[in-house]
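Novice: Under my numbering, the residues of the sequence shown are numbered 12 to 152, in order.
Think of the CB as a built atom: it goes at the ideal place given N, C-alpha and C, for glycine as much as any other residue.
Structure in structure tokens, see below.
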Amino acid sequence: MGEPAPLTLLAQDEEDLSVVSAALQDAVARVGDVVFEKRARRLTIAFNRFRWEAGARQRIRSALQVGGVMAVQARRIRNDRRDAVLELLAIGFEATDPPGGVVTFSFAGGGDLRAQVECIDAVLADVSQPWPTPRAPAHDA
Numbered sequence: 012m013g014e015p016a017p018l019t020l021l022a023q024d025e026e027d028l029s030v031v032s033a034a035l036q037d038a039v040a041r042v043g044d045v046v047f048e049k050r051a052r053r054l055t056i057a058f059n060r061f062r063w064e065a066g067a068r069q070r071i072r073s074a075l076q077v078g079g080v081m082a083v084q085a086r087r088i089r090n091d092r093r094d095a096v097l098e099l100l101a102i103g104f105e106a107t108d109p110p111g112g113v114v115t116f117s118f119a120g121g122g123d124l125r126a127q128v129e130c131i132d133a134v135l136a137d138v139s140q141p142w143p144t145p146r147a148p149a150h151d152a
């Protein structure tokens with residue numbers, strides 16, 4: 012069996028978003044890799060994603076873009092430390108005015124990012140070649 016193809020995932024509902032969340036579990040990003048373009052109503056985050064699907068210890072550069080974003084709020088994320096590393100635990104969605112709601116990015120250490128969206132409209136795409144990493148993420152049972 013060959014190398015898995017680079018991922019490109021589209022999320023348009025909660026179920027799709029849970030698939031994107033699973034693909035990004037344990038991905039890391041720097042605070043400076045989080046960009047909210049208010050006029051374009053777009054949130055983009057560049058991650059180094061662990062390739063769970065590869066069956067090997069690999070990471071790959073991936074970009075997640077969320078459209079229709081009306082506002083973004085950060086909690087326990089220091090914007091003055093652009094090189095600080097964020098480790099993504101999960102992405103969730105809470106409907107507040109269907110199809111709109113809040114997409115929440117939960118990070119290790121208790122920080123989170125909340126994006127108020129008109130609807131779920133997200134794309135995840137791998138944008139580099141994979142590279143080996145010495146360790147796989149570990150989770151306590």
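Given 8 Å as the limit, is there contact between the segment 86-98 and the segment 71-78, that is, 3 or more CB pairs closer than that?
Specialist: Output reads no: the segment 71-78 does not touch the segment 86-98.
Novice: Which residues does DSSP list as the beta-bridge partners of Ile71?
Specialist: On the sequence shown, position 60 is the one that residue 71 refers to. According to DSSP, Ile71 bridges with Arg60.
Novice: Would Asp137 be called buried (16 or more neighbouring beta carbons within 10 Å of its own) or exposed?
Specialist: Position 126 of the sequence shown, counted from the first residue, corresponds to residue 137. Per the 10 Å Cβ criterion, buried.
Novice: For the segment 22-41 against the segment 121-131, are there 3 or more C-beta pairs whose distance is under 8 Å?
Specialist: Yes, the segment 22-41 is in contact with the segment 121-131.
Novice: What residues are listed by DSSP as bridge partners for Ala51?
Specialist: Within the sequence shown, numbered from 1, the residue matching residue 51 stands at position 40. Bridge partners of Ala51: none, in fact.
Novice: So what does Pro143 bridge to, in DSSP terms?
Specialist: Position 132 of the sequence shown, counting from 1, holds the residue named residue 143. Pro143 is bridged to Gln69.
Novice: Spatial neighbours of Glu64 within its chain, please: C-beta separation below 6 Å, excluding the five flanking residues on both sides.
Specialist: As a first step, residue 64 is located in the sequence shown; it is residue number 53 there, counting from the start. Closer than 6 Å at the Cβ level, and outside the excluded window around Glu64, lie Pro15.
Novice: Out of Gly66, Val46, Leu124, Ala126, which has the shortest C-alpha to C-alpha gap to Ala147?
Specialist: The sequence position of residue 147 within the sequence shown is 136, counting from 1. It is Gly66.
Novice: If you follow the beta strand (DSSP E) that Leu28 is part of, which residue opens it and which one closes it?
Specialist: Position 17 of the sequence shown, counted from the first residue, corresponds to residue 28. Note, Leu28: premise wrong, no beta strand (DSSP E); alpha helix (DSSP H) at 25-35.
Novice: Name the one or two DSSP bridge partners that Leu4 has.
Specialist: Within the shown structure, residues of the chain are numbered from 12 to 152, placing residue 4 beyond reach of any answer.
Novice: What is the DSSP secondary structure of Gly103, counted as helix, strand or coil?
Specialist: One-based indexing of the sequence shown puts residue 103 at position 92. DSSP places Gly103 in strand when its eight states are reduced to three.
Novice: Do you know how far the Cα of Gln84 is from the Cα of Leu124?
Specialist: The residue you call residue 124 lines up with position 113 of the sequence shown. The residue you call residue 84 lines up with position 73 of the sequence shown. Roughly 6 Å between the two C-alpha positions.
Novice: Is it right to say Ala33 is buried, meaning 16 or more other beta carbons lie within 10 angstroms of its own, or is it exposed?
Specialist: Taking the sequence shown and counting its residues from 1, one reaches residue 33 at position 22. With fewer than 16 other Cβ atoms within 10 Å, it is exposed.
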